[in-house]
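Numbering (the numbering used here), first residue to last: 11 to 354.
Each residue gets a CB set at the ideal place from its N, CA and C atoms; glycine is no exception.
Reviewing the structure listed below.
In structure tokens, the structure reads:
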């Protein structure tokens, strides 16, 4: 199926009444007069007046860009994005979070880049933190956890298996999504669900695109601000983010095995899997004092060694107790890869 040339900006909203107006204002300021584009707002089981605020805000901005708002009563980012994709009209889909403020040339630059590089499956840019409070000193060392900062040293293809794009303002090729769908792709990570900060869905999507022979591309000229209120730029929230992303590592680990080796038998996977569990356990054992601090819960703000230990322990706990799930993921990803191969 061919889709119309242009960009559909999909904004998934959960209780976004206090944020959506600023996001829409930056979209209305886009300098993209020659570009066909639209906005699709997905009201994802919000308990506030997100829908009314969004409709009024766009009306007040007096823009002639097509604006559509749809409801998705099934909670969760994955369900919201599926609704947005189904509603969208164009070939390129920009997943703009409700707290992302795009630079005025973002859409035109993104469109040009995708048009000039048909092998790109997902395109990402760089964000800058925006906050109403003083940003903590420790933030700069781990800003990517918040989807803030440069995603690579320079613009270009992401070639390393461990190089990924965060979900904020990622631009996705819809025809590529159709290929994934035709090959039976489905998310093995649940993504964010209300206030639950499990992650990994965006990284998983990037891995699937790579396995389907598409490329990931980073363009540092695609700039936007990521607004974070006080309740999201503090140490406890940072720890929750880190723990949530660590708990979703199994599917990512398996995708990486296929991307590195091309093919892998179930026996080889089993050996590699448990070897990795051992490596993580060894890393924990080599840091007994930090581990003890973690067990006692003595987390002083800015203690990044504590943060890394928390992620190691969460990773070890998940991998050592969920091998049955890992085998299921292995079989699903293997089937997906085989279907991709048949389409070549």
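So what does DSSP say about residue 132, is it helix, strand or coil?
-> One-based indexing of the chain shown puts residue 132 at position 122. In the structure shown, the three-state DSSP call for residue 132 is strand.
So residue 114 packs on residue 235, CB below 8 Å; how close in whole Å?
-> The count along the chain shown starts at 1 and reaches residue 114 at position 104. The count along the chain shown starts at 1 and reaches residue 235 at position 225. That belief does not hold up - the Cβ atoms of residue 114 and residue 235 are roughly 12 Å apart, past 8 Å.
Would you tell me roughly how many angstroms separate the C-alpha atoms of residue 266 and residue 168, rounded to the nearest one?
-> Taking the first residue of the chain shown as position 1, residue 266 is located at position 256. Taking the first residue of the chain shown as position 1, residue 168 is located at position 158. Here the alpha carbons of residue 168 and residue 266 stand approximately 14 Å from one another.
What residue does the alpha helix (DSSP H) around residue 70 start on, and which one ends it?
-> Taking the first residue of the chain shown as position 1, residue 70 is located at position 60. In the DSSP assignment, residue 70 falls within the alpha helix (DSSP H) that extends over 60-71.
Runs of beta strand (DSSP E) lying entirely within the stretch 212-267, each at least 3 residues, in chain order = The stretch 212-267 contains these whole beta strand (DSSP E) runs: 225-238.
Consult DSSP for residue 210 and reduce its assignment to one of helix, strand or coil.
-> Taking the chain shown and counting its residues from 1, one reaches residue 210 at position 200. Assigned with DSSP and collapsed to three states, residue 210 falls in coil, not helix or strand.
Residue 224 to residue 57, Cα distance in whole Å?
-> Counting from 1 along the chain shown, the entry for residue 224 is found at position 214. Counting from 1 along the chain shown, the entry for residue 57 is found at position 47. Taking the straight line from one Cα to the other gives about 38 Å.
Using CA coordinates, which residue listed in 286, 299, 302 and 274 is at the minimum distance from residue 341?
-> Sequence index remark: in the chain shown, residue 341 carries index 331 (1-based). It is 274 whose Cα lies nearest to the Cα of residue 341.
Cβ-based neighbour list, residue 140, same chain, cut-off 6 Å, excluding 5 preceding and 5 following | Stepping through the chain shown from its first residue, residue 140 is reached at position 130. By the criterion of a C-beta distance shorter than 6 Å, residue 140 is surrounded in its chain by 235 and 237, once the five residues flanking it on both sides are discounted.
Classify residue 164 as helix, strand or coil using the three-state DSSP reduction.
-> Position 154 of the chain shown, counting from 1, holds the residue named residue 164. Of the three classes helix, strand and coil, the one that applies to residue 164 here is coil, per DSSP.
Report yes if the C-beta distance between residue 73 and residue 38 is below 8 Å; otherwise report no.
-> For the purposes of this step, residue 73 is taken as residue 63 along the chain shown, with counting starting at 1. For the purposes of this step, residue 38 is taken as residue 28 along the chain shown, with counting starting at 1. The beta carbons of residue 73 and residue 38 sit closer together than 8 Å.
Return the first residue and the last residue of the alpha helix (DSSP H) that residue 188 is part of.
-> The count along the chain shown starts at 1 and reaches residue 188 at position 178. Unbroken alpha helix (DSSP H) run through residue 188: 184-192.
For residue 290, three-class secondary structure by DSSP = Numbered from its first residue, the chain shown carries residue 290 at position 280. In this structure, DSSP gives residue 290 a helical state, which the three-state scheme calls helix.
Where residue 180 falls, given that 16 or more other Cβ within 10 Å makes a residue buried | The sequence position of residue 180 within the chain shown is 170, counting from 1. Here residue 180 is buried, its C-beta having at least 16 other C-beta atoms within 10 Å.
Can you grab the Cα-Cα spacing for the pair residue 214 / residue 255, in whole Å?
-> The residue given as residue 214 occupies position 204 in the chain shown. The residue given as residue 255 occupies position 245 in the chain shown. Residue 214 and residue 255: Cα-Cα distance of roughly 12 Å.
Proximity of residue 343 and residue 262 at Cβ, strictly below 8 Å = Numbered from its first residue, the chain shown carries residue 343 at position 333. Numbered from its first residue, the chain shown carries residue 262 at position 252. No. Outside cutoff.
Using 8 Å as the threshold, is the stretch 11-18 in touch with the stretch 113-127, meaning 3 or more CB pairs across them?
-> The stretch 113-127 and the stretch 11-18 touch, with three or more beta-carbon pairs separated by less than 8 Å.
Grab the span of the alpha helix (DSSP H) containing residue 350 for me, first residue to last.
-> Taking the first residue of the chain shown as 1, we reach residue 350 at position 340. Counting along the chain, the unbroken alpha helix (DSSP H) around residue 350 starts and ends at 333-353.
Is the beta carbon of residue 85 sitting closer than 8 Å to the one on residue 53?
-> Here residue 85 refers to the residue found at position 75 when the chain shown is read from its first residue. Here residue 53 refers to the residue found at position 43 when the chain shown is read from its first residue. The answer is no: Cβ separation not under 8 Å.
Out of 314, 239, 333 and 306, state which residue places its alpha-carbon closest to the alpha-carbon of residue 280.
-> On the chain shown, residue 280 is found 270 positions in, with the first residue counted as 1. With distances taken between CA atoms, residue 280 lies nearest to 333 out of 314, 239, 333 and 306.
Whole-number beta carbon distance between residue 108 and residue 49, since they are thought to touch under 8 Å = Taking the chain shown and counting its residues from 1, one reaches residue 49 at position 39. Taking the chain shown and counting its residues from 1, one reaches residue 108 at position 98. The Cβ separation is near 12 Å, so there is no contact.
Alpha carbon to alpha carbon, how far is residue 241 from residue 286? Give it in angstroms, no decimals.
-> On the chain shown, position 276 is the one that residue 286 refers to. On the chain shown, position 231 is the one that residue 241 refers to. Near 35 Å, if we compare the C-alpha coordinates of residue 241 and residue 286.
With DSSP run on the structure shown, which of helix, strand or coil describes residue 75?
-> As a working mapping, residue 75 is identified with position 65 in the chain shown. Residue 75 sits in coil when the DSSP states are folded into three classes, being neither helix nor strand.
Range covered by the beta strand (DSSP E) that runs through residue 23 = If you number the chain shown from 1, residue 23 lands on position 13. Start and end: 14-23.
Three-way DSSP call (helix, strand, coil) for residue 198 in this model | Numbered from its first residue, the chain shown carries residue 198 at position 188. Looking at residue 198 - three-state DSSP - the assignment turns out to be coil, as it is neither helix nor strand.
Complete beta strand (DSSP E) runs within the stretch 104-153 (minimum length 3 residues, chain order) | Whole beta strand (DSSP E) segments, 3+ residues: 110-112 and 130-141.
From this set, 104, 239, 193 and 288, which residue's C-alpha is nearest residue 222's C-alpha?
-> Working through the chain shown from its first residue, we reach residue 222 at position 212. Scanning 104, 239, 193 and 288 for the CA closest to the CA of residue 222 turns up 193.
Would you say residue 131 and residue 186 are within 8 Å of each other, going by their C-beta atoms?
-> By one-based count along the chain shown, residue 131 stands at place 121. By one-based count along the chain shown, residue 186 stands at place 176. A contact, by the Cβ cut-off of 8 Å.
Close-in-space but distant-in-sequence residues of the same chain around residue 291 (CB under 7 Å, 5 per side omitted) | Indexing the chain shown from 1 puts residue 291 at position 281. Answer for residue 291: 326, listed in chain order.
Three-state secondary structure assigned by DSSP to residue 159 = Position 149 of the chain shown, counting from 1, holds the residue named residue 159. In the displayed model, residue 159 falls within a strand according to three-state DSSP.
Please say whether residue 195 and residue 346 have beta carbons closer to each other than 8 Å?
-> Within the chain shown, residue 346 is the residue found at index 336, counting from 1. Within the chain shown, residue 195 is the residue found at index 185, counting from 1. Less than 8 Å separates the beta-carbon of residue 346 from that of residue 195.
Using only alpha-carbon positions, find the residue among 198, 184 and 226 that is nearest to residue 173.
-> The sequence position of residue 173 within the chain shown is 163, counting from 1. Answer by Cα proximity: 226.
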